[in-house]
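For this note's numbering, count along the sequence shown from 1 and bump the result up by 12.
The C-beta atom is built at its ideal place from N, Cα and C for all residues, glycine as well.
Just so you know, these numbers come straight off a predicted model, no measurement behind them.
Comments concern the structure below.
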Amino acid sequence: AGCNVENACYSLGVCAERSAILKAISEGHTSFKAMAITSDMGDNFITPCGACRQVMREFGTDWDVYLTKADGTYIVKRLEELLPLSFGPEDLKK
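Structure follows, in structure tokens:
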């Protein structure tokens, strides 16, 4: 599980999504099927930031991302929907 670590300089913070992915990798997991993004704040669906979307993309586009609202409702998006026309590891081989 990951947690959000905020910093006055946003680029120096570590979002929960990246923290969770990096922890999973450190435990030997490199294939992902889904991730849930949750918060108890706000009326809108919470979504991963651009940096998290790109880190998630490094492990493929074929997985589900569950986006929640504070009231518990959720929607499911494919990662490729959240980061269309993305650049990934396979593009480095070109």
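Where the beta strand (DSSP E) containing residue i begins and where it ends
i	result
Ala48	Ala46 to Ile49
Of the listed residues the options, nearest to residue i (C-alpha basis)
i	options	result
Phe44	Glu102, Leu79, Leu104 and Glu70	Glu70
Val26	Glu102, Asp74, Thr85 and Pro60	Pro60
Glu99	Met68, Ala82, Lys81 and Asp83	One detail in the question is off: residue 99 reads as Phe in this sequence, not Glu. Minimum Cα distance to Phe99 is reached at Met68.
Ile101	Gly14, Val88 and Gln66	Sequence check: residue 101 is Pro here, not Ile. Taking only the C-alpha atoms, the option nearest Pro101 is Gln66.
Asn56	Arg90, Ala82, Thr73 and Lys89	Ala82
Span of the alpha helix (DSSP H) around residue i
i	result
Leu79	Segment Asp76 to Thr80 is the beta strand (DSSP E) holding Leu79; no alpha helix (DSSP H) there.
Ile37	Ala28 to Ser38
Val88	Premise fails: Val88 lies in the beta strand (DSSP E), Tyr86 to Arg90, not in any alpha helix (DSSP H).
Helix, strand or coil at residue i according to DSSP, with G and I counted as helix
i	result
Lys105	helix
Neighbourhood of residue i by C-beta distance below 6 Å, restricted to the same chain and skipping five residues each side
i	result
Leu95	Arg65 and Arg69
Val88	Asp76 and Tyr78
Residues near residue i by beta carbon distance below 7 Å, same chain, minus five either side
i	result
Cys15	Ala28 and Ser31
Val17	Gly25 and Val26
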